[in-house]
Amino acid sequence: MSQKSTMDRRTFLRNSSLAAITLAVPSWVWGCGGAEAVKKNEAWEKKATDLEGKGTVLTKAEPGKWKEKIEVHLPKPTFNKGANSVDVVVTHPMTKGHWISDIYVKNQDGIVVGLKSWEAKDYTGEEAKQAKATFTLPAGTTSITAYAYCNLHDHWKAVPTQTT
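For the sequence shown, the numbering used here begins at 9 and goes up steadily by one.
What follows is the structure, given as structure tokens:
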């Protein structure tokens with residue numbers, strides 16, 4: 009009987025120690041901490057999927073038949089460190105017949121974390137010189153990939169960019 013009592017105490021102490029360590033050590037030490045999972049915006053996901061379904065997504069390295077059009081179609085992200093946001097600019101002049109209709113960004117997990125769409129009539133004055141969108145980045149975002157869609161020159165994507 010005393011041996012059983014000793015075993016129960018040992019089991020109790022071992023389990024209590026494990027519980028104390030689990031509560032005392034921050035979750036990031038275990039590798040499972042950090043920000044909550046990003047909730048998908050289903051409308052953004054659908055729009056991005058629809059755009060990507062229109063054909064090949066072009067890049068600087070592989071511009072397809074639009075080699076001369078890279079600079080005015082490639083999205084360029086710039087991070088705003090203090091604001092935890094990113095500006096994405098496409099230096100593409102906007103006209104009623106030729107414009108950037110969408111800019112969006114995906115995080116390191118491939119989740120769309122920001123999307124902005126325009127129609128030709130939306131571009132007036134200074135806005136007609138380029139397409140620009142600012143997106144607040146969810147906590148835990150470590151990199152983004154910026155995309156832009158031109159109504160005449162297809163879908164473009166920048167290389168993934170680290171947020172830090």
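Note that beta-carbon positions come from the ideal geometry of N, C-alpha and C, so glycine has one too.
Computed from a prediction, not measured in an experiment: that's the story for all the values here.
If you ignore the 5 residues before and after Tyr157, its C-beta comes within less than 6 Å of the C-beta of Leu59, Ser109, Asp110, His163, all in its own chain and listed in chain order. Put simply, of Lys47, Val113, Thr103, Lys55 the residue whose alpha carbon is nearest the alpha carbon of Lys165 is Val113. C-alpha of Gly72 to C-alpha of Thr132: approximately 30 Å in a straight line. When rounded, the separation of the alpha-carbon atoms in Leu66 and Leu82 is 9 Å. Residues Val94, Asp95, Thr142 of the same chain have their beta carbon placed closer than 8 Å to that of Asn88, with the five preceding and five following residues left out of the count.
Between the alpha carbons of Ile78 and Gly90 lies a distance of about 30 Å. Relative to Gln116, the option among His100, Pro146, Glu127, Glu50 whose CA is nearest is Pro146. The DSSP assignment places complete beta strand (DSSP E) segments of no fewer than 3 residues inside the segment 93-142 at 93-98, 108-115, 120-125, in order along the chain. A distance below 6 Å between beta-carbons, with the five flanking residues on each side excluded, links Trp52 to the following residues of its chain, in chain order: Val120, Leu123.
Here DSSP, grouped into helix, strand and coil, assigns Thr86 to strand.
Thr86 sits exposed, since fewer than 16 C-beta atoms from the chains shown fall within 10 Å of its C-beta. A direct Cα-Cα distance of roughly 31 Å separates Thr171 from Leu160.
A check of alpha carbon separations from Thr99 across Glu50, Lys137, Lys129 identifies Lys137 as the nearest. The alpha-carbon of Ser125 is positioned some 25 Å away from that of Glu76.
Here DSSP, grouped into helix, strand and coil, assigns Thr172 to coil.
Rounded to the nearest whole angstrom, the C-alpha separation of Lys68 and Thr149 is 24 Å.
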